[in-house]
Structures are given as structure tokens and as C-alpha cells.
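Going by numbering that gives the first Met the number 0, the sequence shown opens with residue 0, and the numbers climb by one from there.
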Amino acid sequence: MRTLRKIPRISNEDRERGFWSQNDSTEYVDYSKASKAFFPNLKPSTKTISIRLPEGLLVRLKLAANKRDIPYQSLLKIFLSEMLEKESAKTNRASSVVRKPASEVKRKG
Numbered sequence: 000m001r002t003l004r005k006i007p008r009i010s011n012e013d014r015e016r017g018f019w020s021q022n023d024s025t026e027y028v029d030y031s032k033a034s035k036a037f038f039p040n041l042k043p044s045t046k047t048i049s050i051r052l053p054e055g056l057l058v059r060l061k062l063a064a065n066k067r068d069i070p071y072q073s074l075l076k077i078f079l080s081e082m083l084e085k086e087s088a089k090t091n092r093a094s095s096v097v098r099k100p101a102s103e104v105k106r107k108g
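As C-alpha cells, this is what we get:
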């Protein structure tokens, strides 16, 4: 068995993040002695909502989910996430275009 290094006391979270990003935790922690963590008061990070969908759309969603062998609610979350990523990328591209102020634009005439 090898000797583990002592974890240094770190003054703040930013420095701790920097420390662990540059050091291998296996030199400081013996993971063979780790036990499963139990968090009885941890709340789920999802929120239940109610949404009304046209029946035909719901049927199509369920069929698509069945083809992928996943629950239709999970497929809906995937679709929503993908569309929001595309929307965000489109917005970021549009805002990255540098536009000259109107006072700097040369006018014809």
C-alpha cells in the first residue's frame, strides 16, 4: 500500500477548485475504502408541470419515444433541451455580430 499525501488546508473555494484541477485525487484519497453516500434530505432537481398537448401531437410523441425505447416524457425533455440549445446558439451568433453605431454609418446622398 502506498502512502497518501496530506490534503492541504485551502482558504477558499476558488483555490480549492484550482488545487483539484491540477492534482490527482488518488494521491490524496484511498477510494478502496470509500462508502456509498446517502442524502435523505436531497430534493429532486426537477419540477412537475402540467401541459396541454393536442392528442395527435401526444400520439406522435409517444410513438417516437417507443421507437427509441424511452419514456415519452424523457423524449420531450430531450427535444425541449435541443431546441433551447439551438435557440441559444442562434441568439449568441446574432449578438456577436458587431454593428457600427448609426453615427458612424456613411449615408448616401
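The beta-carbon is built from N, C-alpha and C at its ideal position, and this holds for glycine as well.
In this structure, Leu3 and Tyr30 do not form a Cβ contact; the two beta carbons are roughly 11 angstroms apart against a cut-off of 8 angstroms.
Per the coordinates, the alpha-carbon of Arg14 lies some 10 angstroms from the alpha-carbon of Ser20. When the Cα atoms are used, Ser73 and Arg16 turn out to be separated by approximately 33 angstroms. Going by DSSP, Ala36 is part of no alpha helix (DSSP H) at all; its letter is neither H nor E. The continuous alpha helix (DSSP H) containing Leu60 extends over residues Glu54 to Arg67. Spanning the alpha carbons of Asp68 and Glu54 requires a straight line of approximately 21 angstroms.
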